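K.L.:
The sequence shown begins at 1 in full-length UniProt numbering and counts up by one.
Ideal placement from N, C-alpha and C gives every residue a C-beta, glycine not left out.
Since this is a predicted model, take the numbers as computed values, not measurements.
Have a look at this one before I ask anything.
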Amino acid sequence: MPANSIAPGTFTPAPRRASPWKMALAQGRIESKLMLQHGEQILLNIIIPVVVLIAAANLPLLGDATVNDIVPMVFAMAATSAGFTGQAISLAFDRRYGALKRTGASGVPRWTIIAGKIIGVLTMTAVQLIIISTVAIIVGWRVTLLGAIMGAIALFIGVICFTSLGLLMGGSLRSELVLGLANLIWMILIGIVGFVVYIGAIANPGLWVLVPTVALTTVIDAAFRGGIHLVGWLVLLAWALVGTLAAVKWFRFDG
C-alpha cells in the first residue's frame with residue numbers, strides 16, 4: 001500500500017450517541033457560562049447575599065444574632081437565589097422564546113437539560129462559596145476546617161434541592177406567572193428564615209424546619225459547628241426528592 005494512501009473506511013460516518021456523562025457535562029458547561037456572564041444572575045446570586053451579610057453583620061437587623069448565626073442564613077439565601085429563583089425565571093423565558101424546544105429537538109433528553117442546569121448552578125455555588133466565605137471572614141466569621149467542609153457539603157446538597165424546585169416551576173408554568181411567583185416565593189422563604197434567625201430559634205426551629213430555607217439554614221448552621229441536624233437533613237432531602245421527581249415528570253420544552 002502506498003505511504004500516502006488512506007485506509008478504507010477512514011472517513012466513513014460512525015454516528016453514535018454520546019455517553020450520559022458527556023452529555024451532562026457538555027450541557028453543564030453551557031449553563032455555567034450563561035450564568036456567570038449574566039448580569040442579573042450575578043446581582044441575584046452574589047451581590048444581594050453579600051450586601052445582606054455586610055448589613056446584618058454591622059447593623060442590628062436580626063436582633064442579637066451574631067455573625068456565626070447570620071452566615072448560614074446568607075448561604076441559604078444564596079442557594080435559594082441560584083437554585084430556585086434564578087433557574088425558574090431563566091428557564092421559563094427560555095421556554096417562552098423557544099430555546100428549550102430547539103434543544104429538545106436536537107435529541108437531548110429532558111434529564112440531560114435538568115442535569116446540565118444543576119451543574120451550572122453548582123458552578124455558580126462554588127463561586128458564591130468563595131466570595132461569601134471571604135467576606136464573612138472579613139466581618140468576623142470563624143469556623144473550623146471540619147465545619148467548613150461539612151457546611152460546604154450541606155450547601156451543595158441544598159442547592160440541588162432548590163434547583164429541582166426551580167426547574168419544576170420554570171419548566172411547567174408560563175413565564176409571566178413564573179416571573180412574579182418566583183420572586184414572591186423567594187421573598188417569603190427569605191423572610192421566614194430571617195424571622196427564625198431573629199428570634200434565635202435556628203438551632204431548634206420547631207415546625208418552621210418544614211420550610212426549605214429554614215431546613216437548609218439549620219443544616220448548614222449545625223455543620224459549621226461540626227454537628228448534624230437530622231430533622232433538617234430529612235426535610236431537605238424530602239424536598240429534593242419531590243422536586244426532582246416532579247420536575248422530570250412535568251418538565252416541558254415549550255412555553
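Return the CA-CA distance between W186 and S81, expressed in angstroms with no decimal places.
P.N.:
About 7 Å.
K.L.:
State whether the segment 217-230 contacts the segment 163-170, with contact taken as three or more CB pairs (one from each stretch) at a distance under 8 Å.
P.N.:
No, the segment 217-230 is not in contact with the segment 163-170.
K.L.:
Check each candidate in N58, W141, T163, A182 and name the one with the smallest Cα separation from V248.
P.N.:
Closest option to V248, Cα to Cα, is T163.
K.L.:
For I47, is the classification buried or exposed, using 16 other Cβ atoms within 10 angstroms of its Cβ as the cut-off for buried?
P.N.:
By the 10 Å Cβ count, I47 comes out exposed.
K.L.:
Tell me the DSSP secondary structure of R102 in three-state form.
P.N.:
Looking at R102 - three-state DSSP - the assignment turns out to be helix.
K.L.:
Name the two residues that bound the continuous alpha helix (DSSP H) containing D69.
P.N.:
67-79 is the extent of the alpha helix (DSSP H) around D69.
K.L.:
Quick one: what does DSSP say L61 is sitting in, helix, strand or coil?
P.N.:
Coil, per DSSP.
K.L.:
Measure from the alpha carbon of N68 to the alpha carbon of each residue in Q41, I113, V108, V135, then state which is nearest.
P.N.:
When each option's Cα is compared against that of N68, the closest is V135.
K.L.:
In angstroms, rounded to a whole number, what distance separates the CA positions of V235 and R29?
P.N.:
For V235 and R29, the distance between alpha carbons rounds to 30 Å.
K.L.:
For E155 and L129, which I take to be in contact (beta-carbon distance under 8 Å), what is that distance rounded to the nearest angstrom?
P.N.:
What sits at residue 155 in the sequence shown is Leu, not Glu. Yes, L155 and L129 are in contact; Cβ-Cβ is about 7 Å, under 8 Å.
K.L.:
If you run the structure through DSSP and keep just helix, strand and coil, what is T125?
P.N.:
Three-state result, T125: helix.
K.L.:
Measuring only the C-alpha atoms, how far is D94 from F251?
P.N.:
Approximately 13 Å between the Cα atoms of the pair.
K.L.:
Given a threshold of 16 other Cβ atoms within 10 Å of its Cβ, counted over all protein chains shown, does V159 qualify as buried or as exposed?
P.N.:
Its Cβ being crowded by 16 or more others within 10 Å, V159 is buried.
K.L.:
Measuring straight from C-alpha to C-alpha, what distance separates I199 and D64?
P.N.:
Between I199 and D64, the C-alpha separation is close to 8 Å.
K.L.:
For T134, which three-state DSSP category applies?
P.N.:
In this structure, T134 counts as helix in the three-state DSSP scheme.
K.L.:
Hey, quick one: how far does the alpha helix (DSSP H) through G151 stretch, first residue to last?
P.N.:
Element bounds for G151: 145-170.
K.L.:
My parser needs the alpha helix (DSSP H) runs of 4 or more residues fully inside the segment 171-225; what are they?
P.N.:
Complete alpha helix (DSSP H) runs here, min 4: 175-198, 212-224.
K.L.:
Please say whether F84 and L165 have beta carbons closer to each other than 7 Å?
P.N.:
Contact flag set, yes.
K.L.:
My output table needs one value for G227: the three-state DSSP class, helix, strand or coil.
P.N.:
Three-state result, G227: coil.
K.L.:
For the segment 36-50 and the segment 20-27, state whether three or more C-beta atom pairs, one from each stretch, are separated by less than 8 Å.
P.N.:
Flag = no, the segment 36-50 and the segment 20-27 do not touch.
K.L.:
Considering just the uninterrupted stretch of the alpha helix (DSSP H) at I47, what are its terminal residues?
P.N.:
Here I47 belongs to no alpha helix (DSSP H), and DSSP marks it neither H nor E.
K.L.:
Are G191 and A215 closer than 7 Å when you measure CB to CB?
P.N.:
Their beta carbons are not under 7 Å apart, which means G191 does not touch A215 by this criterion.
K.L.:
Which class does T12 belong to by DSSP, given the choice of helix, strand or coil?
P.N.:
Note: T12 maps to coil in three-state DSSP.
K.L.:
Among L59, P72, Q87, which residue has its Cα nearest to the Cα of E40?
P.N.:
For E40, the nearest C-alpha among the options comes from Q87.
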